[in-house]
Amino acid sequence: MPLGSDPLSELDIPDGTTVEEHDLVTDGDVIVGGQSTVEFGVRGRTVIADERVRFGGHIEAEGDCRLDMWCDVADNVLVGEDAYIGERVHIGGELRVAGDLDIGDDVDIENGFEANGWIVIRNPMPTIVFLFVYLSQLLRIGEEDAAEEVIDEMLNDGDDEHDPVLIPRGASVSDDAWRVSTPATVGDDCRLHGNIRAKSLEVGRDTVVFGSLRAKDDIVVGRGTEIKGDVTTRSGTVRVGPGAKIWGDISGTTVELHENATVDGTIRTSEEMRMHTESVLDRPDESAVAMAEMAESLEGDTDTTEPSTTQRDDSADDAAPDDGDAAGDDGDADGTEAGESADTEAGESADTEAEATE
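Residue 17 in the UniProt record's numbering sits at position 17 of the sequence shown, with consecutive numbering throughout.
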């Protein structure tokens, strides 16, 4: 990731993210920008929240959890490793930490806290300030490569195959609506509840959205995705991929609809409407890649069985000399019998001639 880019400049929901019973569930990290509101609970690997973030449910982090100052969590906070709680954070339930706890002043935990490791009472440096100071020192000594590695490790661990959930600053996320003022990207095989409002929208493949899509700019709906509502853009283009189904209306400046897509409502355009037969997403199809890898694996398994067949043929060939040896033995036996017969006949003929002479 370039140093000049802002990792929280858009709403990014990775592949496989679901909303289950008022919980946002993901296998990767969850990073929330400052002054945002997340009305439901969060379950992920590492949870990082900037200043003044409000959670309407609980937090379950398999790894670390970092809550900057003035954050508010309505329910419990359960952390599988270390926790960093800034000053004046409010937790409506209890705080349980399996590792170390670094906690600031004036933290309000209504049902108490428990930590299995060290407990340090101080004001942890805010996440953004910590990263800024650390990266500044690296850049000051000319370690640009090291700085880029730090950013990659924080936002996309090389050992982790799952991308993080990124919620930009000032966002509002709930079962009713996902509202951001930035572009939004939804991955493949996701299941989301609520209307999505963003500057522009891209929804991946085989995703289900129980709500509508609304954007100022372009909207893209990938293959096999279901939108159980309307798709509306103010001044952009709506592109719908193969096998997608829109349960409501489509409105846009231009609408590009795949010939295999389905629209239950009305299509409204201010310029033109086109039918196409192409894919609408440029990003890699992970399911197709997985199928290709599986096919290659099966081909590899087929290749590995051929030597065993060859081995069986070789064993048959190895067995052939034994048969030849057996045949040779038979030949020797026949030769012995023939010799004995010749000797007997010669002996009988000699005896007959002797009797005739007498």
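The C-beta atom is built at its ideal place from N, Cα and C for all residues, glycine as well.
To the nearest angstrom, report how far apart VAL263 and ARG205 are at their CA atoms. 17 Å
Out of HIS258, ASP218, ALA198, THR254, point me to the one whose CA is closest to THR225's CA. HIS258
Option in ARG122, GLY252, ASP230, ALA49 with minimal Cα separation from THR237: Out of ARG122, GLY252, ASP230, ALA49, GLY252 has the C-alpha closest to the C-alpha of THR237.
Can you give the Cα-Cα distance for VAL38 and ALA74, rounded to whole angstroms? 11 Å
Can you grab the Cα-Cα spacing for the pair CYS65 / VAL107, in whole Å? 15 Å
Find out if the Cβ-Cβ distance for the pair GLN35, GLY170 is shorter than 8 Å. yes
Looking at chain D, is there any beta carbon in it that lies within less than 8 Å of the beta carbon of VAL97? The chain labelled as chain D is not found in the depicted structure, where only one protein chain is given.
Return yes when the Cβ of VAL280 is within less than 8 Å of the Cβ of VAL220, no when it is not. yes
With a Cβ-Cβ cutoff of 8 Å, do LEU24 and ARG43 count as a contact? yes
Candidates GLU20, HIS22, GLY28, ILE196, of which the one nearest VAL165 by Cα: GLY28
How many Å lie between THR185 and GLY41 at the Cα? Going from the Cα of THR185 to the Cα of GLY41 covers about 21 Å.
Mind checking who PHE210 pairs with in its DSSP beta bridge? HIS193
What residue does the beta strand (DSSP E) around LEU11 start on, and which one ends it? 11-13
Count the other CB atoms within 10 Å of the CB of ALA146; is the residue buried (16 or more) or exposed (fewer)? exposed
Quick one: measure Cβ to Cβ for VAL47 and VAL30, integer angstroms, because I've assumed they're closer than 8 Å. Sure, about 5 Å apart at Cβ, within 8 Å.
Among GLN137, GLY93, GLY86, SER136, whose alpha-carbon lies nearest the alpha-carbon of ARG122? Checking every option, the nearest Cα to that of ARG122 belongs to GLY86.
So, is MET275 buried or exposed, given that buried needs 16 or more other C-beta atoms within 10 angstroms? Under this definition MET275 is an exposed residue.
Give every residue of the same chain whose Cβ lies closer than 6 Å to the Cβ of GLY99, excluding the five residues on either side of it in the sequence, and list them in chain order. GLU81, ASP82, GLY117
Start-to-end residues for the beta strand (DSSP E) that takes in GLY44: 41-44
Tell me the DSSP secondary structure of VAL144 in three-state form. Reading off the sequence, residue 144 comes out as Glu, not Val. In this structure, GLU144 counts as helix in the three-state DSSP scheme.
Would you give the residue range spanned by the beta strand (DSSP E) that GLY252 belongs to? 250-258
Could you spell out where the beta strand (DSSP E) holding MET273 opens and where it closes? 267-276
Quick one: grab the DSSP three-state call for SER181. coil
Residue environment, GLY331, which counts as buried when at least 16 other CB atoms sit within 10 Å: Residue placement at GLY331 cannot be trusted, given a pLDDT of 42 that sits under 50; what the coordinates show is reported in the next sentence. Exposed, since its Cβ has fewer than 16 Cβ neighbours within 10 Å.
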